[in-house]
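A short worksheet on the structure shown next.
In our numbering, the protein residues as written are 16 to 157.
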């Protein structure tokens, strides 16, 4: 890949070919650092935009879009129900994906397959705070 740089710091014009290993050398104050930073910035952005998403990433993105939709729905209901037109207007979305979690995995179990947890008296109790139990939390049985 060929890279051209113009009018960056002391560099008026530069052109170089990027390969598996690219060495930029020259005297003091000739623009090596500017060229290196420009190359790094370009490749970092290009790599992020150019890489394909895995099916797992697509699934996570879909779940996060669903969560955003749910919050938007709650905001609309809150504005109508409490008649507060500014309900959740200051809410700022933050989306996080955890990868390679090093928490021990433990199968989730429910006391009864018929438990729906639809009343405060019949709440879901999670007894192992050391474990992430997503399936139990959302009511899936294995």
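Ideal Cβ placement from N, Cα and C applies to all residues, glycine included.
Every value quoted in this text rests on a predicted model; they were computed, and no experiment measured them.
Would DSSP call residue 30 helix, strand or coil? strand
Identify the continuous alpha helix (DSSP H) that holds residue 73 and give its terminal residues. 70-96
Which residue from 88, 82, 77 puts its Cα closest to that of residue 108? Relative to the Cα of residue 108, the nearest Cα in the group 88, 82, 77 belongs to 82.
Under DSSP, the beta strand (DSSP E) around residue 23 begins and ends at which residues? 17-23
Residue environment, residue 56, which counts as buried when at least 16 other CB atoms sit within 10 Å: exposed
Contact check, residue 29 vs residue 42, beta carbons under 8 Å: Going by C-beta atoms, residue 29 is not nearer than 8 Å to residue 42.
Beta carbon of residue 27: closer than 7 Å to some heavy atom of the ligand MG? Ligands displayed in this structure: none; no statement on the ligand MG is therefore possible.
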